[in-house]
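Take a look at the structure set out below.
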Amino acid sequence: MKFMIVLAALATVAAPVAVPAGAEASAARAEVHCVVEVQPVDSAERQDAPRCFLTKAEADGYLDASIATTDATSRSASASVTLGTVYADVNYRGSTLTMWGSSGCAGVTYGFASLSGGWDSRISSARGSNGCWVTLYRATGYGGDRITCTPTCSSIGSLNDQVRSLVFRPWGTFG
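Mind the numbering: the sequence shown is residues 5 to 179 in this note's numbering, read in order.
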């Protein structure tokens, strides 16, 4: 049985890993590293689901390739930048979800009105990047209690594992 598990794990190393909705409930969560493109808050485009990998290096490779290619709407994704990363544990540890957008946050606000891919109720620390601050919200739709990371939060206090939506906004602005 162990041999079959090892073979299954090796077969998925180069492929994205789907994280089942109930997977985070298991006592021994496997660390995963996810990436996703985030749309501007006022965009009518549907948010993609995060793509998850077993290692940070695989996630970084996918992110680098995604940012360096042209997207389906023929916009140059080479102008895309990393907006920030959220972490499953305090002090920027554990599983990660790194988000990128079509440009930095100068004049643009990006967000997830409802986190997906098992990331709702899982975030414990966060970092904004490339001129972005990140605001974390307790409720979906950018509601409830919130904390703004300016640009980093090594822990998020009473919102620990209770974040259900988030916004990346220009440096110097609060949500």
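Beta carbons are placed, not taken as given, at the ideal position from N, Cα and C, and that holds for glycine.
Remember, predicted model here, so these are calculated numbers, not experimental data.
Tell me, please, which residues DSSP counts as bridged to residue i.
i      : result
Arg131 : Thr89 and Thr156
Cys109 : Cys109 pairs with nothing; no bridge assigned.
Pro174 : Cys136
Leu188 : Nothing about residue 188 can be read from this structure; the chain reaches only from 5 to 179.
Tyr1   : For residue 1 there is no data in the structure shown, the boundaries of the chain being 5 and 179.
What does a CB cutoff of less than 6 Å around residue i pick up in its chain, not counting 5 residues either side in sequence?
i      : result
Leu127 : In the sequence under discussion, the amino acid at residue 127 is Ile, which differs from the Leu named in the question. So the qualifying residues of the chain are Val90 and Val167.
Asp93  : Ser128
Name the residue from the options whose alpha carbon lies nearest to the alpha carbon of residue i.
i      : options                           : result
Ser84  : Glu35, Val36, Leu170 and Val42    : Val42
Gly108 : Ser118, Gly148, Asp149 and Asn134 : Asn134
Asp68  : Val36, Trp104 and Arg131          : Trp104
Ala130 : Lys60, Arg97 and Arg55            : Arg97
Ala61  : Glu35, Ser159, Arg142 and Asp52   : Glu35
Gly176 : Tyr146, Thr100 and Gly111         : Gly111
Arg142 : Arg50, Tyr66 and Asp124           : Asp124
Ser47  : Gly121, Ala117 and Thr100         : Ala117
Gly88  : Arg173, Phe178 and Gly161         : Arg173
Leu101 : Arg50, Pro54, Ser159 and Asp149   : Pro54
Ser267 : Cys157, Ser106 and Leu119         : There is simply no residue 267 to check, as the chain begins at 5 and stops at 179 in what is shown.
Phe178 : Val39, Thr86, Gly132 and Asn164   : Gly132
Pro57  : Cys38, Cys157, Ser106 and Ser159  : The displayed chain sequence assigns Phe, not Pro, to residue 57. Answer by Cα proximity: Cys38.
Ala63  : Ser99, Asn164 and Leu163          : Ser99
Asn95  : Asn164, Leu163 and Ser159         : Ser159
Quick one: what's got a C-beta closer than 7 Å to residue i's C-beta in the same chain, skipping five residues either side?
i      : result
Val45  : Thr113, Tyr114, Gly115 and Val171
Ala31  : Model confidence at Ala31 stands at a pLDDT of 36, short of 50, so the residue's coordinates are unreliable; what they give is reported in the following sentence. Contacts found: none.
Cys157 : Ser129, Ala130 and Ile151
In its own chain, which residues sit with a C-beta less than 8 Å from the C-beta of residue i, not counting the 5 before and 5 after it?
i      : result
Gly161 : Ile151
Gly145 : Ala117, Ser118 and Ser169
Thr86  : Leu67, Ile71, Thr102, Met103, Trp104, Ser133 and Asn134
Three or more C-beta pairs below 8 Å linking the stretch 138 to 145 and the stretch 153 to 173: Yes, the stretch 138 to 145 is in contact with the stretch 153 to 173.
In chain order, each alpha helix (DSSP H) run of at least 4 residues that lies wholly inside the stretch 37 to 75: Counting whole runs of 4 or more residues, the stretch 37 to 75 contains the alpha helix (DSSP H) stretches 60 to 71.
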